[in-house]
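Residue numbers (our numbering): 554 to 893. Idealized CB from N, CA, C, for every residue including glycine. The model shown is predicted, which means the values in this text are computed figures rather than measured ones.
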């Protein structure tokens, strides 16, 4: 699908025959996964996109969910009306609000907060479970939530910040090489073929490359802690490390994960590359990886797909047969593509 304005969310129906995707004004569409697409169905348009397309996922019964965040405004700016909300979409009908994520986070402060308000919320990743509940990763509250159909919310896990080295060449940053405690920024969530929950990190300021982790969380967990100091203890354990600015994950067959990096040199390097930064310049080149499983519940090797050809990719999906889809750029004209 081409000529899309700011595509980001992308998901597949259970049988892989339909692709669900979202664009910057909050509209969610469904199209055939096979051949040239002439039959595109509009599933609905949600309020509160705020300039960035909602995350989307579809459960085993074909129900589609769309998740809006805090918009593209800076820290402290007022979120758009209808933002920070999980919606259920029904073809031909208005979207139904399932839960206001920000309202829950107002009473669930991040105990490891390092910047801005500990109750801030920017829901960014979504994964629909087989039992009808929905997982939401919050990129501001740095946690993973589980949402029930009646709007009840429970905190599954919290991601602690990590000590990193400040990269060189940043404006307004401490001296290069300095130690800095950077927030996790939980942008993404998916369910692996093993049934475990996987959460990916963007890595907060100073966005040091190679410090974004993927965490593996035991299903049914409540209040788990993902701790970089003790990464292999408890119900949340480090699965993979060494990524940069992860914005989406997708679980595939045989334990594989598709992993999207917004910008291979970090989101901050891109933000500081121009005024405004170009969504198609060299600093906007992102990455798409297939991460293969290793031994003892840790990642094995990873393989980069279409290297150097993606600019600010935002979302990915992978079919049960291993066919990978990717959406982007998240700002400006873009597309949803099948990777061969």
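Residue i (DSSP reduced to helix, strand or coil)
i           : result
residue 843 : strand
residue 656 : helix
residue 824 : helix
residue 678 : strand
residue 874 : coil
residue 725 : coil
residue 850 : coil
residue 502 : Residue 502 is absent from the model: the chain starts at 554 and stops at 893.
residue 807 : helix
residue 731 : coil
residue 619 : strand
residue 835 : helix
residue 862 : coil
residue 614 : coil
residue 815 : coil
residue 640 : strand
residue 577 : coil
residue 597 : strand
residue 693 : coil
residue 647 : coil
residue 744 : strand
residue 608 : strand
residue 717 : strand
Through-space distance from residue j to residue i, alpha-carbon basis
i           : j           : result
residue 711 : residue 737 : 9 Å
residue 718 : residue 763 : 11 Å
residue 779 : residue 638 : 24 Å
residue 651 : residue 619 : 10 Å
residue 504 : residue 678 : Residue 504 is absent from the model: the chain starts at 554 and stops at 893.
residue 794 : residue 646 : 42 Å
residue 783 : residue 806 : 29 Å
residue 854 : residue 776 : 30 Å
residue 649 : residue 635 : 11 Å
residue 571 : residue 642 : 15 Å
residue 893 : residue 876 : 8 Å
residue 729 : residue 720 : 5 Å
residue 827 : residue 632 : 25 Å
residue 625 : residue 558 : 15 Å
Identity of the residues DSSP links to residue i by a beta bridge
i           : result
residue 561 : Partner(s): none; residue 561 has no beta bridge.
residue 778 : 711
residue 754 : 739
residue 770 : 750 and 789
residue 572 : 565 and 584
residue 798 : According to DSSP, residue 798 bridges with nothing at all.
residue 706 : 700
residue 857 : 842
residue 688 : 680 and 699
residue 868 : 880
residue 631 : The partner list for residue 631 (beta bridge, DSSP) is empty, contrary to what the question assumes.
residue 765 : 796
Buried versus exposed call for residue i [16 or more other C-beta atoms within 10 Å across all chains shown]
i           : result
residue 749 : buried
residue 644 : exposed
residue 706 : buried
residue 592 : exposed
residue 608 : buried
residue 810 : buried
residue 882 : buried
Closest residue to residue i among the options (Cα-Cα distance)
i           : options               : result
residue 801 : 610, 856, 644 and 726 : 610
residue 690 : 621, 725, 570 and 877 : 621
residue 567 : 683, 751, 757 and 789 : 683
residue 659 : 675, 649 and 667      : 675
residue 844 : 819, 699, 767 and 891 : 767
residue 825 : 740, 616 and 725      : 725
residue 723 : 752, 760, 755 and 754 : 760
residue 693 : 583, 623, 746 and 753 : 623
residue 661 : 709, 813 and 820      : 709
residue 821 : 633, 735 and 669      : 735
residue 867 : 788, 841 and 584      : 841
residue 576 : 614, 831, 564 and 819 : 564
residue 829 : 808, 849, 743 and 885 : 885
residue 656 : 815, 664 and 672      : 672
Closer than 8 Å to chain C by CB, residue i
i           : result
residue 846 : Checking the listed chains, one finds no chain C in this structure; it contains a single protein chain.
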